[in-house]
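Here the structure comes first, spelled out in structure tokens, and everything after it is commentary.
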Amino acid sequence: MAIDDTPQRFASQGGWLDSGVFRALLVGACTLGFLLVWLVVPEQGVRQDTSWFPVSLHAATEVFAIVVAAMVFSVSWHAHRPERPGNLIVLACAFLAVALLDFAHMMSYRGMPDLVTPAAPQKAISFWLGARIVGALAVLYVVFRPWVPFRRPGTRYAWLAGALAYVAAVAWLQLAHPEWWPTFFVPGQGLTLLKVLLEATVVAMMAVAMLRLLHVGELYPTFDTRGLVAASALWILSELCLTMYENVNDLFSLVGHVYKVLAYLLVYRVVFVASVREPYERLAVETARSRAAEQQVEALAFYDRTTGLPNRALLRDRCTQVLAARSQDNGHAALLLLNIDGFKHINDSLGHAAGDALLRELAHRLPAQVGEPDTVSCLGGDEFAVLLREVCDAGSVAAAQERILAALAEPVPVAGRELRITVSMGAALSPGDGQDFDTLLQNAGTAQHRVKEAGGNGWRFYDATMNEEVSERLALRNGLRQALERGEFVLHYQPQFSLDDGALVGVEALVRWRHPEHGMVAPMRFIPEAEDSGLIVPIGLWILREACRQAAAWRQAGLDVPRVAVNLSAKQFQRGDVATDVLEALSAAGLPPTALELELTESILLKGADTVLATVHKLRGLGVHLSIDDFGTGYSSLAYLQHFPVDKLKIDQSFVRRLGEEGDAQVIVSTIVQLARSLGLGTIAEGVEDAATAERLVALGCQQGQGYHFARPMPPAELAVLLAGRQRVEAALRPS
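Residues in the sequence shown are numbered consecutively from -11, following our numbering.
What follows is the structure in structure tokens.
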């Protein structure tokens, strides 16, 4: 929701009195009324009849005018802030003087009780002119004064004192020395030339003010200039009427007083909009914008970006609540885990946009096959989970799985063609297959894996006989232990660059397994098992030491590698002394702490936050740089980010790669960049695969990037050749 800084936009929301059409009609009607009284009513006797404006009606109109003028002062005075322009305070103080002088004018009207001295037209006119002149001067000053705050906060009190001093002077001169005043009214003859000239002077001042307003168009973004134009026009009509009456009770006097009240009302609306309503509505707009941002961050934290379904974090929370309820009523719940058979082939052949469209279609179909209280979740990629809150037995779960298979077997329109897909689904029931979320999810995954092995397109329950898979995992664990002992792990390094000038800002260390039989094994195949088994702790320590050693070696060789980034696992924080390990690795390599960056995954923030926070502070105290890896794919960092002294947020490649597609990727990346900027953090995007993506990231304010567009991960020797070549080119371009 954008904020419109023009008062006319706010005025359009404020009712009929602020409508430009209404004010134009009001001024037009009053002008027509003035001409009607002046030109059309032919008989002087009718116009000059003393019954038009009796004392009671005069008192009523003046009381109303006094109240409105006092409200102009009160609203402007109490809503003023030192950072706001002082023009409204000038107008407020003048209208306080107007209110007081109008009161004296009312009490001096012929037929009213004596106010110190007897009431008389001469006395009433003197106070009237005093009020009109100070009001006109104030309007004239306000429209020509620059709209800037007072230099000193106490200036407004000086204006207030001046206004009160002016009132006191006029009252003293009139009440104590009426003979000093020129004659403004002669009984039986009417107004004197001097009185008419003074009223004409007020008309001239208001005309100049109105011309100024019409010329500049807008005095200040939050000031209703058009409203003051209408008030000035009515003010002029009022003054013209008060130059034409022959007795204070005739028709011209009545019309002039009515127009004065209308002019005051418009002035009040102008200052009310500028002082009270406009700031309030601006606050409402800012509040709505803040709430929208909060909802956006909440969606980023708890909902999948592609499908809009609850993510793993929200599913975990709901599953925990359901399991607690079922344990109390001795009931059963079920967790289903499913993914699309051959989804990678769909992505590779039709593109990621088609893959995302397929996921969204599944997200639309799945909820229709389960009950409203149940939860359908997207855990990432093509992996979906269904939490059945309450089930009678395995038969009802089997029926739900059959419904899901049948619904997903229907053709899916994607990328101009109809796809037929199959899914593999596994189910785990509580409490028999697990009494917590992680156990149920693991066992449902085991069942799903067995369906995959059997060719997919089916479902299966978990049972203990599936533990034969454990033997395969044990074999992988043994292989990892041997790999560590035999030195089969190697590091590849991916350069990181500034998106502004292309300068190298660092490299990220990425582990690879050089298996003696299977060749180079990608991290995705062995890192999850290393995490589960705890082997990630010694492997991570080796990565840390080797990365520090290699960075120091590059420096000794004269290669400028500003910083090497190393990923840390949650298990390293839980089972080891990370701060000591980092200090020893830096010391052994002779590498300064500022040359090391540690990337903390969001899972690190899930458990043991106090311990993790203490360790992070120790690392920051050493001078080591810290960043949050894959930011936005979890939820804990949003809750704890303000407490962790990190330097940088790393935007997950799943957001970056979809920047050129339709969807919310650009909104998410922009939100992360703005969040980082507001917290004083840097940003780096991973997975930058082309120049168009890099340009979009620059436009969104992202500072750094890495990906195949710049360079792929490479062995140390290959990277050294690349860096040496860059340095030679830079040296050649450098002026001698």
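Where a beta carbon is used, it is the ideal one built from N, C-alpha and C, also for glycine.
Look at the Cβ atom of residue i, then the Cβ atom of residue j, and state whether they are nearer than 9 Å.
i: L179; j: P170; result: no
i: L326; j: V374; result: yes
i: V604; j: K559; result: no
i: P101; j: A107; result: yes
i: V495; j: L338; result: no
i: L556; j: I592; result: yes
i: A673; j: Q694; result: yes
i: A415; j: R448; result: yes
i: V725; j: V686; result: Any property of residue 725 remains undetermined from this structure, which presents the chain solely from -11 to 724.
i: T671; j: A664; result: yes
i: Y247; j: F41; result: no
i: G611; j: P580; result: yes
i: R646; j: D344; result: yes
i: L222; j: L14; result: yes
i: G578; j: A540; result: yes
i: L216; j: A151; result: no
i: L128; j: A197; result: yes
i: V191; j: L239; result: no
i: V634; j: L584; result: no
i: V60; j: Y256; result: yes
i: S412; j: N445; result: yes
i: E334; j: A341; result: For the sequence presented, residue 334 should be read as Ile rather than Glu. No; because the gap between Cβ atoms is not below 9 Å, this pair is not in contact.
i: I113; j: F172; result: yes
i: A188; j: S220; result: no
i: V385; j: L324; result: yes
i: S418; j: A545; result: no
Am I right that residue i and residue j are in contact with their C-beta atoms under 8 Å? What's the rounded C-beta distance?
i: H613; j: R551; result: 6 Å
i: E522; j: R563; result: In the sequence as displayed, the identity of residue 522 is Gly instead of Glu. The pair is a contact, with the Cβ atoms about 7 Å apart (cut-off 8 Å).
i: V249; j: D212; result: About 19 Å separates the two Cβ atoms, so there is no contact after all.
i: V554; j: A602; result: Their Cβ separation, rounded to whole angstroms, is 20 Å, which puts V554 and A602 out of contact at 8 Å.
i: E390; j: P399; result: Rounded, the Cβ-Cβ distance is 19 Å, inconsistent with contact.
i: Y450; j: D424; result: No, Y450 and D424 are not in contact; Cβ-Cβ is about 14 Å, not under 8 Å.
i: L629; j: L667; result: 7 Å
i: R293; j: D652; result: 6 Å
i: L148; j: C81; result: 5 Å
i: L163; j: V122; result: Not a contact, Cβ separation roughly 18 Å.
Compute the Euclidean distance between the alpha carbons of residue i and residue j, then round it to the nearest angstrom.
i: Y696; j: L346; result: 26 Å
i: T582; j: A576; result: 15 Å
i: I350; j: A312; result: This sequence places Leu at residue 350; Ile is not what is there. If I take the Cα positions, the gap works out to 29 Å.
i: Q436; j: W542; result: 47 Å
i: S625; j: F485; result: Note that S625 has pLDDT 49, beneath the 50 cutoff, so the model's placement of it is unreliable and the number below is only indicative. If you take the alpha carbons of S625 and F485, they lie about 25 Å apart.
i: R513; j: H503; result: 12 Å
i: A218; j: A92; result: 27 Å
i: T657; j: Q309; result: Correcting the residue identity first, residue 657 is Val in this sequence and not Thr. Taking the straight line joining both Cα atoms gives about 32 Å.
i: S615; j: H631; result: 13 Å
i: G443; j: Q430; result: 20 Å
i: L464; j: V509; result: 12 Å
i: A157; j: P134; result: 29 Å
i: V458; j: R279; result: With a pLDDT of 49 at V458, under the threshold of 50, the predicted position of this residue should be treated as unreliable, and no value is reported.
i: A720; j: V661; result: 35 Å
i: V136; j: Y233; result: 41 Å
i: V243; j: S226; result: 7 Å
i: E456; j: E519; result: Residue placement at E456 cannot be trusted, given a pLDDT of 49 that sits under 50; the coordinates are not used to answer.
i: L199; j: V9; result: 20 Å
i: P401; j: I392; result: 18 Å
i: P175; j: R98; result: 12 Å
i: P516; j: R474; result: 21 Å
i: A356; j: G330; result: 24 Å
i: L711; j: F698; result: 13 Å
i: R714; j: L354; result: 52 Å
i: W530; j: L637; result: 25 Å
i: T568; j: A535; result: 16 Å
i: V184; j: A153; result: 26 Å
i: R726; j: S642; result: A question about residue 726 goes unanswered here, because the residues of the chain that appear run from -11 up to 724.
Quiz item: Contact between the stretch 357 to 369 and the stretch 286 to 301: three or more CB pairs below 8 Å?
Solution: yes
Quiz prompt | Cβ contact check for the stretch 70 to 81 and the stretch 143 to 158: 3 or more pairs under 8 Å | solution = yes
Exercise. Could you name each continuous beta strand (DSSP E) segment of 3 residues or more that falls completely within the stretch 614 to 680, going from the start of the chain to the end?
Key: 636 to 639 and 670 to 673
Quiz item: Looking at C-beta atoms only, is the number of pairs between the stretch 469 to 486 and the stretch 701 to 715 that lie closer than 8 Å three or more?
Solution: yes
Quiz prompt | Within the stretch 539 to 597, ranges of the alpha helix (DSSP H) (whole runs, at least 4 residues) | solution = 558 to 563 and 566 to 577
Quiz prompt | 3-residue-minimum beta strand (DSSP E) runs that sit fully inside the stretch 306 to 331, ordered along the chain | solution = 320 to 328
Exercise. Would you mind listing the alpha helix (DSSP H) stretches within the stretch 7 to 75 that are 4+ residues and don't spill past its ends, in chain order?
Key: 8 to 23, 32 to 35 and 43 to 67
Quiz item: Of all the beta strand (DSSP E) runs that stay within the bounds of the stretch 345 to 430, which reach a length of 3 or more residues?
Solution: 363 to 368, 371 to 379, 400 to 402, 405 to 407 and 411 to 418
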